[in-house]
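With the first letter of the sequence shown counted as 1, position 103 gets the number 111 in the numbering used here; the numbers rise by one all the way through. Virtual Cβ for every residue (Gly too), placed ideally from N, Cα, C. For clarity, every value in this text was computed on a predicted model and none was experimentally measured. What follows is a set of notes on a single structure, which appears directly below.
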Amino acid sequence: MYTKDKLLSHLQRTGYLTNPRIISSFSAINREQFLPSHQHIHAYEDRPLQIGERQTISAPHMVAIMCEVLDIEVGHKILEIGTGSGYHAAIVADLVGNTGHVYSIERFESLALLARKNLQHSNITNATVEIGDGSQGLPQYQPYDRIYVTCAAPEIPQPLLDQLAPNGKLLIPVGDFYCDLRLVKKKGGSLDTNTICGCAFVPLVGKYGY
9 MYTKDKLLSH LQRTGYLTNP RIISSFSAIN REQFLPSHQH IHAYEDRPLQ
59 IGERQTISAP HMVAIMCEVL DIEVGHKILE IGTGSGYHAA IVADLVGNTG
109 HVYSIERFES LALLARKNLQ HSNITNATVE IGDGSQGLPQ YQPYDRIYVT
159 CAAPEIPQPL LDQLAPNGKL LIPVGDFYCD LRLVKKKGGS LDTNTICGCA
209 FVPLVGKYGY
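Have a look at this one:
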């Protein structure tokens, strides 16, 4: 049975966790807080787990990859598409610190309400969870220093590119379940896109999703 310490050791040994700040955030957040009680025994296994509404909490190694690639800094304003139960948002909220903020949008009201409760119980005060179509982003809080998407899109939604700040970064899985994790860097008026790795995510549903 994996404990938090064993999981952290595994993620560092396999190279998924290298940044000391991200290691600290993973240490600070309890994954079981974001899982149904019957899943607590599996909390520190490195795999996705069901959280309801046919949705999953991402495997810890995928959360680590996304945090490492995004190069999140203290004070950043972040947009998350697909809150789920709030675990990924909690890690990122810890990374941006009290001067930063995470805005997250979830299409399932039940999960959004659960995430708000989980974040509150984890003493996360710099994260806001909204309910709606994440494929259209959250224009009311733009621009964002970083945007990341926790579900697979058929293409990169234009609204997310529009809401990205100059010199900002967008990380999104593109494909149909089995997909490519793509990093987009906005440089002035141009976009630089690279594929980071293969991955598997539930589909993005909405105007610019499936």
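Which stretch, first to last residue, makes up the beta strand (DSSP E) that contains residue i?
i          : result
residue 31 : No beta strand (DSSP E) holds residue 31; the alpha helix (DSSP H) holding it covers 28 to 36.
Distance, Cα to Cα, residue i vs residue j?
i           : j           : result
residue 68  : residue 75  : 11 Å
residue 198 : residue 77  : 20 Å
residue 206 : residue 184 : 12 Å
residue 15  : residue 53  : 7 Å
residue 213 : residue 177 : 22 Å
residue 165 : residue 151 : 15 Å
residue 73  : residue 50  : 20 Å
residue 203 : residue 188 : 6 Å
DSSP beta-bridge partners for residue i?
i           : result
residue 110 : 86 and 135
residue 65  : 57
residue 98  : In DSSP, residue 98 forms no bridge with anything.
residue 205 : 189
residue 211 : 160
In terms of residue numbering, what span does the alpha helix (DSSP H) encompassing residue i cover?
i           : result
residue 14  : 12 to 21
residue 128 : 117 to 129
Meets three-Cβ-pair contact criterion under 8 Å: the region 86 to 104 and the region 130 to 138: yes
The region 175 to 192 / the region 150 to 158 touching (three or more Cβ pairs under 8 Å): yes
Please give the ranges of any beta strand (DSSP E) in the region 137 to 199, keeping only runs that are unbroken, at least 3 residues long and fully inside the region. 152 to 157, 172 to 184 and 186 to 195
Three or more C-beta pairs under 8 Å: does that hold for the region 112 to 120 against the region 80 to 91? yes
Between the region 165 to 180 and the region 139 to 149, do at least 3 Cβ pairs fall closer than 8 Å? yes
Specify whether the region 80 to 89 and the region 51 to 69 touch according to this definition: at least 3 beta carbon pairs, one from each stretch, less than 8 Å apart. no
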